Amino acid sequence: MRIQLFEEHNAKKNAFSLFFITLLFCFIGGHLRFPQELSLFWPVNAIITGIIVRHPFLHETRSYLASFAAMVFNDTVFSGWALTAFTLNLANLLFVLVAVMLLVKHFQHDSGSERITSVLRIFPACLLGGLACASWGALAQQADFNAGLATAWGEWFSEQFSTGLMLLPFLLTRGGPSLTLRQCMQLHKLLPVITVILSLIVGALMGGAGSLTFPVPALVWCAIVLPMPLTSQVILLTGITEIILVSHGVMNIQGDDNLLPVSHLTSARLGVATIAISPLIVAASMDAIRQLNERLALRANYDFLTRLLSRSGLYESLHAEPIHPARKVGVILIDVDYFKTINDNFGHDAGDSVLEAIALRMQQVVNDAGRLCRFGGEEFVVVLFDQNPDKLYSLAESIRQTMAKEKFWLQGSTVTVTVSLGLAHGRAGKATEWHRVINPLISAADKNLYQSKRNGRNQTSPVDDRAINSDVA
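Basically the working numbering = 1-based index in the sequence shown + 401.
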């Protein structure tokens, strides 16, 4: 059972949901604080930003007030702060406001080029949100805790910038194409993830400023091989791991010279933030290429007018069909009778509407029994597997009678449209690909179709070319 936390026209429910989500992640972030320092991770700002961007109807004053109230409540109750809870959390609210305003209009579409543009906007959104948050937060921290302004600013900015860049891509790309567990266990999918893990280990062992960048090639490999939602998850986990390793002294990014004027943790956060964006851009580009390929395949494999398989789509679909010598296959070739007369008397638009209606009626008859294809012009093909000639003939007659039974409405007039059918049946035999079996069967069905035309149309000529008596509807 799926629980829907947010509803567009339920303001009270939305406010309560935001309050409790904010409170939960404030509580988690609060327990990741170092003594006398900011939290190791403060995920709540990025999470609230992601929620509002994914649900634009939450982009209103009451939503921000609900989140701010939860932040203040958490710090008042669990940290013992009073006025400080208001001043510090204004910094958190600034990050959310700035990031949402830069992102909310750009994540409403799924097309490839728009997705790349949207993902690229995460970087400036986190940058500007981090700057606004750090500027207010450092001033508030200096006033309340006598912290050094430059040090406080660096800690605020590096944490918000890095956490935003790690979390927002993961939150905003969910719901896209992903992989099943079986697909994830394939070696070529696992190798880039394993390489990321190994590069983290090598970086921790070698140390130095460059150790943070060791996973970058592996992350780019993930971006090329894996779907974008999964890539963003790997980037998130990699960034979190590096920050934890640095904070616990396992990964020494400054070496022995200690030349950097900022703390190890601030440096690590900034490094992780800049590292995250490169594989993210690659992932967005690969995602756009995959979407483009899918659309091109859709256009090639489906007929635009009838929404049936095209001829190339039929042959492409046969690749997934198991083949063995004894497997039976049948073909029904269908041609609309006197279709040229319909075009001549009523126009090509009327002819197109007839083809659409015929396709719909045939789909209702064939259903999942076989593959239905617009073979060209007014010709259609049905391919069925594992059926004997009698079943093939029975389905063909159902199609023919369905066409003739109900008249077509054309420009204020009712018109009877019939079809002629030819059948063919065979086995895979020694063939290793189905198109080598189907093509000769279509030729045989075409000869039987010609027999139906020659005998007066609105008929089905069976596999053995023998005339079978049937009522003509």
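We put the beta carbon where it would ideally sit given N, CA and C, even for glycine. In this text the structure is predicted, and so the values were computed from the model without any measurement.
Would you kindly check if the distance between the Cβ of Ile641 and the Cβ of Ala677 is under 8 Å?
Cβ atoms of Ala677 and Ile641: not closer than 8 Å.
Taking Cβ to Cβ, would you say Phe428 is nearer than 8 Å to Phe469?
It is not a contact, given that the beta carbons lie outside the stated cut-off.
Can you name the residues that DSSP bridges to Leu591?
Answer by DSSP bridge pairing: none, since Leu591 is not bridged.
Give the C-beta separation of Leu573 and Arg455 to the nearest angstrom, bearing in mind that I take them to be a contact with Cβ-Cβ under 8 Å.
Contact flag correct, Cβ pair sits at about 7 Å.
Hey, out of Arg522, Ser563, Leu569 and Ser668, whose CA is closest to Gly609's CA?
It is Ser668 whose Cα lies nearest to the Cα of Gly609.
For Asp704, which three-state DSSP category applies?
Three-state result, Asp704: coil.
Based on Cα-Cα distance, which residue from Ala797, His665 and Gly451 lies nearest to Thr552?
Comparing Cα-Cα distances from Thr552 to each of Ala797, His665 and Gly451, the minimum goes to His665.
In the DSSP assignment, find the alpha helix (DSSP H) that holds Lys413 and state where it starts and stops.
Unbroken alpha helix (DSSP H) run through Lys413: Ala412 to Gly431.
CB-CB under 6 Å to Gln852, same chain, minus the five flanking residues each way: which ones, in chain order?
For Gln852, where only same-chain residues beyond five positions count, the Cβ hits under 6 Å are Ser862.
Run through DSSP, which three-state label would Gly650 get?
Of the three classes helix, strand and coil, the one that applies to Gly650 here is coil, per DSSP.
Any idea which residues DSSP pairs Ile735 with across the strands?
Bridge partners of Ile735: Phe781 and Leu822.
So what's Trp482 in DSSP terms, helix, strand or just coil?
Coil.
Quick check: the Cα distance between Cys527 and Leu606, rounded to an integer number of angstroms?
Roughly 31 Å separates the two Cα atoms.
Closer than 6 Å by C-beta to Ile843: which residues in its own chain qualify, once you throw out the five before and the five after it? Chain order, please.
Closer than 6 Å at the Cβ level, and outside the excluded window around Ile843, lie Val732.
From Lys413, Arg772, Asn475 and Gln543, pick the residue whose C-alpha is nearest to that of Glu717; which is it?
Nearest option by C-alpha distance: Arg772.
Would you grab the beta carbon distance between Cys774 and Leu709 for me? Rounded to a whole angstrom, and I think it's under 8 Å.
The Cβ separation is near 6 Å, so the contact holds.
How long is the line joining the alpha carbons of Lys414 and Gln561, rounded to whole angstroms?
About 28 Å.
Roughly how many whole angstroms lie between the Cα atoms of Ile654 and Trp443?
Approximately 22 Å between the Cα atoms of the pair.
Given Thr632, which residues of its chain have a CB within under 6 Å of its CB, disregarding the five upstream and five downstream residues?
Answer for Thr632: Cys623, Ala624 and Ala684, listed in chain order.
Go ahead and label Pro570 buried or exposed: buried means 16 or more other beta carbons lie within 10 angstroms of its beta carbon, across all protein chains shown.
Pro570 comes out buried.
Can you tell me where the beta strand (DSSP E) holding Phe740 begins and where it ends?
No beta strand (DSSP E) holds Phe740; the alpha helix (DSSP H) holding it covers Phe740 to Phe747.
What would DSSP say about Ser814, mapped onto helix, strand or coil?
Residue state, collapsed to three classes: strand.
What are the residues that DSSP puts in a beta bridge with Leu796?
Answer by DSSP bridge pairing: none, since Leu796 is not bridged.
Below 8 Å, can you find three or more Cβ-Cβ pairs linking the stretch 805-820 to the stretch 785-795?
They do not touch, by the three-pair rule.
Do Ala829 and His720 have their C-beta atoms closer together than 8 Å?
Their beta carbons are not under 8 Å apart, which means Ala829 does not touch His720 by this criterion.
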